Amino acid sequence: MKVNDVMVEIETISPYISVEKVAKELDKADKNLLVMEDEKILGEVHEGLLVREMIPEEKLDEDSFMGALGVSYDDDYFSKNARQLMQKINTHIRPKQGLGEAAYIMHRNSLRSIPVKEHGEIKGVLHEEDMIKHLEQDENSE
125 MKVNDVMVEI
135 ETISPYISVE
145 KVAKELDKAD
155 KNLLVMEDEK
165 ILGEVHEGLL
175 VREMIPEEKL
185 DEDSFMGALG
195 VSYDDDYFSK
205 NARQLMQKIN
215 THIRPKQGLG
225 EAAYIMHRNS
235 LRSIPVKEHG
245 EIKGVLHEED
255 MIKHLEQDEN
265 SE
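Position one of the sequence shown corresponds to residue 125 (the numbering used here), numbered consecutively onward.
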């Protein structure tokens, strides 16, 4: 099975909307949302990223918000908008790639969604949930 058999239309948000607005948009969306600016996909947002935002400051351990160099805590741990909240996406896949190769790229980049591009144009998005559904359907049809 190929990526173009499973990909769907993208749902996007602005990088400048508040985290509260991101939560509302995610609630209305079918899947994860892609953060997009000037026709460029910057990253993805999903419920897991919002859950991190809900952790009370006093419950965070030192490793959660200390930098690699031991820099002390500041307010920047908590996101203020979609750009700060998002997980960056620096890669894409092509419509004719196999799902196994797509899964490998997504896993290697810790992504739940990945843009599908052809000739520099965004054709859709592949979500891990859709891949799993198709794998389950394939197993049930055997």
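C-beta atoms are modelled at their ideal positions from N, C-alpha and C, and glycine is treated no differently.
Note that the structure is a prediction, hence the values are computed from the model and not measured.
For residue j and residue i, the rounded distance between their alpha carbons
i, j, result
"Y140", "D151", "18 Å"
"G244", "I217", "11 Å"
"S341", "I165", "With the chain covering only 125 through 266, there is no way to say anything about residue 341."
"L259", "I229", "17 Å"
"A192", "V249", "Confidence at A192 is low in this model, with a pLDDT of 44, below 50, so the placement of that residue is unreliable and no value is reported for it."
Neighbourhood of residue i by C-beta, 6 Å cutoff - its chain only, sequence neighbours within 5 removed
i, result
"K220", "K126"
"L173", "L209"
Sequence-distant residues of its chain with Cβ nearer than 7 Å to residue i (five each side left out)
i, result
"N156", "E168, V169, H170, R236, S237 and H251"
"E242", "R218 and P219"
C-beta atoms of residue i and residue j nearer than 8 Å
i, j, result
"V240", "A206", "no"
"E177", "S203", "yes"
For this session: Could you name each continuous alpha helix (DSSP H) segment of 4 residues or more that falls completely within the region 199 to 241, going from the start of the chain to the end?
Result: 206 to 209 and 223 to 232
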